[in-house]
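Peer 1:
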Amino acid sequence: MRYLVFLRGIPGSGKSTFVRENKLEPYTISSDSVRLLIKPPVLSITGKTVISQKINRRVWGLIYSLIKCRMEDGDFIVLDATNAGNADIAKYRKLVRTYRYSAICVDFSEVPLEIAKERNGKRPEYEVVPETVIDELYSIINRQKVPSFVTVIKPQEFHEKIQYKPTDFSNYRKVHHIGDIAGNYMALMQYLACGLNDSDLYIFLGDYIGSGTENTENTEIIKFLISIMCRNNVILLEGDHEKSFCRLAEGGEQNKVSEFANTWYDLTEMEQPGVTKNNVLNLHRKLKPCVYYKFYNKHVLVTHGGLSSLPENLVFVGANQMIDGVGEASDAYLVAESFNKNTNENTYQVHGHRNPENIPIENGRTFNLCPGKEGFLRIVTLERDRFHSQKIKI
């Protein structure tokens, strides 16, 4: 999911050990590893092998590109580097905003200087950092603060802070899961004819506007979502129709602007009550890649695209995989079967996005709310004892 984690500490403070012990290697970009990818160790004037310091610009340019590349897919990212100065972290501020990431700094500054130096001396020869450099970095870390857009935690807090735990929604009377609206405003209004009940929770699965739909219907949908987006009992997920716009809205770049992104831009330019550019941008900042909740004895995962399993920690699943789903569009049935097989009898999932074969709403413990070729608005409600599904056609 969209987390950028900076490890901050002097050489020998335990950052790389922390990565290994927490099995974070697949998610980690290490400055030392990138240096060795660019250039192998070289001889110093003392005859020892060292990592070259003449390639810093190339190293940090490549690291920035790698982080940007992973952010485009909404992946969980760890940057294993000293990250001593304020500017070392601040240069990622624009990327964090553009791709709507949460920035976390794991602070290793409490490790005593002498212990770090002792550990540093036990490294392979080419990895040993001169003690004068360690002293300088230690001084910088103690003088400069982490930028304000980053939340600072201690290593022992990592599992508690970086953990996607199910939210208990058992205080609600009922949970409504509303599938891909795709411009079908009249169907949505038919379902919500009596308005939103404060005792109920409403989860919208994304793909709000439709291609080829009358622009007035798309506009009315956006106006409605803007009117409800700040309610405590409303959760709005991000669909693939919204994904391109979210990036563009924050000043990001994209080589190919999708038809839906263009439609969103058209809506932001409309001069009418209830739809201003800021309204729409604020709406997009409300969109989430998933919601995972507990309702009495049931656990329910809700994404736009659908997953084949429920990992121990959803943080490690890329946001784009939650939005686009696992596998291809034609794999919806197989993904449902895998999820049903890989999870226990009290775990369910609800998704939309893909249904080329017009499979039923319910497939074991997986509910597919993509309208497919039928064009129906699909909805699943969860009460204390059971799920109930329905389809609305206008």
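Numbering (the working numbering), first residue to last: -9 to 384.
The beta carbon of each residue, even a glycine, is placed where N, CA and C say it ideally should be.
In this text the structure is predicted, and so the values were computed from the model without any measurement.
1. Which of the three DSSP states is assigned to Asp375 in this structure?
2. Quick one, are the C-beta atoms of Glu210 and Tyr175 less than 8 angstroms apart?
3. Have a look at Arg344, Val32, Pro279, Asn205 and flag the residue whose alpha-carbon is nearest the alpha-carbon of Glu115.
4. Using the three-state DSSP reduction, which class does Asp63 fall into: helix, strand or coil?
5. Just list the alpha helix (DSSP H) runs in the segment 117 to 167, keeping only unbroken ones of 4 residues or longer that don't cross its boundaries, in chain order.
6. Pull up the distance between the alpha-carbon of Val423 and that of Ile19, whole angstroms please.
7. List in chain order: all unbroken beta strand (DSSP E) runs of 3+ residues lying wholly within the segment 271 to 318.
8. Taking all protein chains shown into account, do 16 or more other C-beta atoms lie within 10 angstroms of the C-beta of Arg(-8), making it buried, or fewer, making it exposed?
9. Using the Cα positions of Lys195 and Lys276, report the straight-line distance between them to the nearest angstrom.
10. Would you mind stating whether Leu359 and His341 have Cβ atoms separated by less than 8 angstroms?
11. Going by C-alpha to C-alpha distance, which of Glu352, Gly362, Lys233, Lys112 sits closest to Gln380?
12. Please list, in chain order, all residues of the same chain as Glu373 whose beta carbon is under 6 angstroms from its beta carbon, the five residues on each side excluded.
13. Who pairs with Glu228 in a beta bridge, going by DSSP?
14. Less than 7 angstroms separating the Cβ of Asn334 from some heavy atom of the ligand COA?
15. Starting from the N-terminal side, write out each stretch of the alpha helix (DSSP H) that is 4 residues or longer and does not extend beyond the segment 172 to 210.
16. With the cut-off set at 8 angstroms, would you say Gly200 and Asn187 are in Cβ contact?
17. For Tyr338, write down the residues that DSSP places opposite it in a beta bridge.
18. I'd like the list of long-range same chain contacts for Asn348, defined as Cβ closer than 7 angstroms, with 5 residues on each side in sequence excluded.
19. Rounded to whole angstroms, what is the Cα-Cα separation between Leu367 and His378?
20. Grab me the residues of Phe214's own chain with a C-beta within less than 6 angstroms of its C-beta, minus the 5 sequence neighbours each way, in chain order.
21. So, helix, strand or coil for Asp170, using DSSP?
22. Would you kindly check if the distance between the Cβ of Gln153 and the Cβ of Val290 is under 8 angstroms?
23. Which of the three DSSP states is assigned to Phe8 in this structure?
24. On the three-state DSSP scale, how would you describe Gly2?
25. Pair every Cβ in the segment 71 to 79 with every Cβ in the segment 101 to 118, then say whether three or more of these pairs are closer than 8 angstroms.
26. Over the uninterrupted beta strand (DSSP E) stretch that includes Asp97, give me the two end residues.
27. I'd like to know whether the C-beta atoms of Ser299 and Asn332 end up nearer to each other than 8 angstroms.
28. Where does the unbroken beta strand (DSSP E) through Thr18 begin, and where does it stop?
29. Using 8 angstroms for Cβ pairs, my map puts Ser6 next to Asp70. What's the rounded Cβ distance?
30. What does the alpha-carbon distance come out to for the pair Gly229 and Tyr89?
31. Leaving out the 5 sequence neighbours to the left and right, which residues in its chain are closer than 8 angstroms to Lys278 when beta-carbon positions are compared?
32. Where does Ile382 fall in DSSP's three states?
33. I want to know whether the segment 129 to 143 touches the segment 301 to 317 - three or more CB-CB distances under 8 angstroms.
34. Could you round the C-beta distance between Ile53 and Lys29 to whole angstroms and report it? I think they count as a contact, below 8 angstroms.
35. Rounded to whole angstroms, what is the Cα-Cα separation between Leu271 and Arg(-2)?
Peer 2: Concretely, from the data shown:
1. coil
2. yes
3. Val32
4. coil
5. 121 to 133, 148 to 151
6. The question about residue 423 has no answer here: the residues shown for the chain are numbered -9 through 384.
7. 280 to 285, 288 to 293
8. buried
9. The sequence given here places Leu at residue 195; Lys does not occur at that position. Taking the straight line joining both Cα atoms gives about 13 angstroms.
10. yes
11. Glu352
12. Lys164
13. Partner(s): none; Glu228 has no beta bridge.
14. As far as ligands go, the structure on display features none, and thus does not contain the ligand COA.
15. 175 to 181
16. no
17. Val290
18. Gly362, Lys363, Glu364
19. 14 angstroms
20. none
21. coil
22. no
23. helix
24. coil
25. no
26. 92 to 97
27. yes
28. 18 to 20
29. 6 angstroms
30. 15 angstroms
31. Ile225, Leu226, Leu227, Glu228
32. strand
33. no
34. Contact doesn't hold; Cβ gap of about 15 angstroms is too wide.
35. 33 angstroms
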